[in-house]
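A short write-up of the structure that comes next.
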Amino acid sequence: MSGSNSWLRAQRKSDLVEVADNVGLTNYEGLKKAELEIALDQYLSQNSSTFSSDPRVAGFYNSQAKTRSSPIKKEIVSEEPEKPLRATKRRVTKAPEDFSTDDDSRAVVATSNAVLRTPRVASLASRIPLPASPADVAQAVDRSTVAVRQRVASIYQDSGVNEAAHATRESLSTVTSILFTVAAFELYFLRREVLADTYAFTIPAMSFLGTNDYPVHIPDMFLLLTSSFWSPTLLWLATSLVIPATFGYFYNLSVANQPAPGRGRRPSAPTPDYIVDPLTFSIVKALVSYVVYAQGVTFYGLVDETSIARINGALYGGWKGVLVGSAITGLTSLYDAILRK
Numbered sequence: 001m002s003g004s005n006s007w008l009r010a011q012r013k014s015d016l017v018e019v020a021d022n023v024g025l026t027n028y029e030g031l032k033k034a035e036l037e038i039a040l041d042q043y044l045s046q047n048s049s050t051f052s053s054d055p056r057v058a059g060f061y062n063s064q065a066k067t068r069s070s071p072i073k074k075e076i077v078s079e080e081p082e083k084p085l086r087a088t089k090r091r092v093t094k095a096p097e098d099f100s101t102d103d104d105s106r107a108v109v110a111t112s113n114a115v116l117r118t119p120r121v122a123s124l125a126s127r128i129p130l131p132a133s134p135a136d137v138a139q140a141v142d143r144s145t146v147a148v149r150q151r152v153a154s155i156y157q158d159s160g161v162n163e164a165a166h167a168t169r170e171s172l173s174t175v176t177s178i179l180f181t182v183a184a185f186e187l188y189f190l191r192r193e194v195l196a197d198t199y200a201f202t203i204p205a206m207s208f209l210g211t212n213d214y215p216v217h218i219p220d221m222f223l224l225l226t227s228s229f230w231s232p233t234l235l236w237l238a239t240s241l242v243i244p245a246t247f248g249y250f251y252n253l254s255v256a257n258q259p260a261p262g263r264g265r266r267p268s269a270p271t272p273d274y275i276v277d278p279l280t281f282s283i284v285k286a287l288v289s290y291v292v293y294a295q296g297v298t299f300y301g302l303v304d305e306t307s308i309a310r311i312n313g314a315l316y317g318g319w320k321g322v323l324v325g326s327a328i329t330g331l332t333s334l335y336d337a338i339l340r341k
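Written out as structure tokens, the structure is:
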């Protein structure tokens, strides 16, 4: 029993069984406590390279290291052969320094035994979670912030919003888109005049939302069957779209500016930048709108004066608003032509 490690001797048999299970010792079921101590001592000594860093058996290797290098052990061994000298029965009075030395050595042994007997307490203390420090909290917040930012960025990229925005900008960044935008602006105000709204139904009030009764009006589609709709609508289509587009198609300045074919090649029909010249379109629209809406020319009764008045009153700014829109599209076409050169 004295040949085993002091740390193993300090353990109970149930603790030794647990240590044997942890280190993988086999065939120990029928061993007594002393035999199990010796078996564990030999097994752990042979496999010190494997288990020396294991905190569960750290006490064994600490005790083994102290046993090899402790001066107390050496002193005890050196004093054992002198035991027969006590037959003289002479009383030896110890000096105060010897008492202090013995007390110190006993304190060292007691301290080492206390340290060796408490590996389980140390392991339990290491398992108890300590409260997080401010630095740990800050790092956790930073990690959460980075994770949320990356997640939002991935959702934004997967949604295709960026691609849709670029595609929309590319589609609207043309002279043709600006021409249609100006025409849609005029048509928005003209619709209220030629296709007036009529009452359809009422959305009842909702007390929990704090809303009142809301009447809903929709365009009166029966006006499509009357001349009250078609007369001003056809006049606006003629002055704002049909006549300017016809002149823009035949008076297309971009056709004349196409490069000449090379020598030896057959001349082919030039491909214009625009099917309808936007500058010619804007100029003709401004002239026709000024003549019809500002001067009131009816072209020998072909144009209804009532329709002229209705369109003048419906469009934003009247005929002056039409001229401003034509100026905007004309300047845009000039700017586009400059960029193409």
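Numbering (the UniProt record's numbering), first residue to last: 1 to 341. Glycine included, each C-beta is placed from N, C-alpha and C at the ideal position. It should be emphasised that the depicted structure is a prediction, and the values quoted were computed from it without experimental measurement.
Applying the criterion that 16 or more other CB atoms from any shown protein chain within 10 Å of the CB defines a buried residue, is residue i buried or exposed?
i: Arg-310; result: buried
i: Tyr-274; result: buried
i: Ile-308; result: buried
i: Leu-302; result: exposed
i: Thr-233; result: buried
i: Glu-186; result: buried
i: Ala-167; result: exposed
i: Gly-59; result: buried
Can you tell me whether residue i is helix, strand or coil according to DSSP?
i: Pro-215; result: strand
i: Thr-202; result: strand
i: Asp-220; result: coil
i: Asp-136; result: helix
i: Asp-158; result: helix
i: Gly-317; result: coil
i: Ala-110; result: Because the pLDDT at Ala-110 is just 49, under 50, the model does not fix this residue reliably, and the value given afterwards should be weighed accordingly. Helix at Ala-110.
i: Ile-338; result: helix
i: Asn-312; result: helix
i: Gln-42; result: helix
i: Thr-174; result: coil
i: Thr-181; result: helix
i: Tyr-290; result: helix
i: Tyr-61; result: helix
i: Phe-208; result: coil
Report yes if the C-beta distance between residue i and residue j is below 8 Å; otherwise report no.
i: Leu-40; j: Leu-25; result: yes
i: Ala-200; j: Val-175; result: no
i: Gln-64; j: Asn-5; result: yes
i: Thr-280; j: Phe-247; result: yes
i: Gly-317; j: Val-182; result: no
i: Thr-198; j: Tyr-214; result: no
i: Lys-285; j: Pro-219; result: no
i: Val-249; j: Val-288; result: According to the sequence provided, residue 249 is Tyr. The question's Val does not apply to it. Taking 8 Å as the Cβ cut-off, Tyr-249 and Val-288 do not qualify as a contacting pair.
i: Tyr-28; j: Ser-48; result: no
i: Val-19; j: Val-57; result: yes
i: Arg-192; j: Ala-337; result: no
i: Ala-196; j: Leu-225; result: no
Who pairs with residue i in a beta bridge, going by DSSP?
i: Asp-197; result: Pro-219
When the Cβ atoms of the region 172-187 are set against those of the region 326-335, are three or more pairs found closer than 8 Å? Yes: at least three Cβ pairs fall under 8 Å.
Could you tell me whether the region 280-293 touches the region 231-240, using the rule of 3 or more Cβ pairs below 8 Å? Touching, per the Cβ criterion.
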